[in-house]
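Visitor: Input: one structure, supplied below.
Numbering (the UniProt record's numbering), first residue to last: 1 to 142.
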């Protein structure tokens, strides 16, 4: 009989001693894992055996009566979320107000510029008009 282990050379009839290297390479590597899992399951079952099972209705009643004394994490999370949302809303409102103020300032600046341009044009028109009337008036008098 030949045994091949991970591409090594063939081994002729390994010794059957459990302390042999060949014996450990050929046997299952899982060992007593199944036995250990079974023992753990038995311990868990024994620990839960003394506890009485609670029906869904009694569990619901207990939760309702416990509410004033022990706040739920869900409620705390909900309150935290609401606070965060409120803060975000305030930030957005402040940003909107700042944006509106900035737009108003821009509009005022534009109006001032237009007013200044209009005044400059009026002054130019008056100067031109004054020169024309001055030239015409000087010619008529003389």
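Backbone N, C-alpha and C fix where the C-beta goes; we use that ideal spot for every residue, glycine too.
These numbers come from a predicted model, not from an experiment.
Curious, which full-length alpha helix (DSSP H) runs of at least 4 residues does the region 33–61 contain?
Guide: Listed in chain order, the complete alpha helix (DSSP H) runs (minimum 4 residues) inside the region 33–61 are 33–49.
Visitor: May I have the straight-line CA-CA distance separating residue 90 from residue 79, to the nearest angstrom?
Guide: If you number the chain shown from 1, residue 90 lands on position 90. If you number the chain shown from 1, residue 79 lands on position 79. For residue 90 and residue 79, the distance between alpha carbons rounds to 16 Å.
Visitor: With DSSP as the reference, label residue 130 as helix, strand or coil.
Guide: For this step, residue 130 is matched to residue 130 along the chain shown. The answer is helix: DSSP assigns residue 130 an H, G or I state.
Visitor: Taking just the CA atoms, how far does residue 45 sit from residue 61?
Guide: In the chain shown, the residue the question calls residue 61 occupies position 61. In the chain shown, the residue the question calls residue 45 occupies position 45. Using only the alpha carbons, I get a separation of about 27 Å.
Visitor: Roughly how many angstroms separate the alpha carbons of residue 129 and residue 120, rounded to a whole number?
Guide: The residue labelled residue 129 in the question sits at position 129 within the chain shown. The residue labelled residue 120 in the question sits at position 120 within the chain shown. Their Cα atoms are separated by approximately 14 Å.
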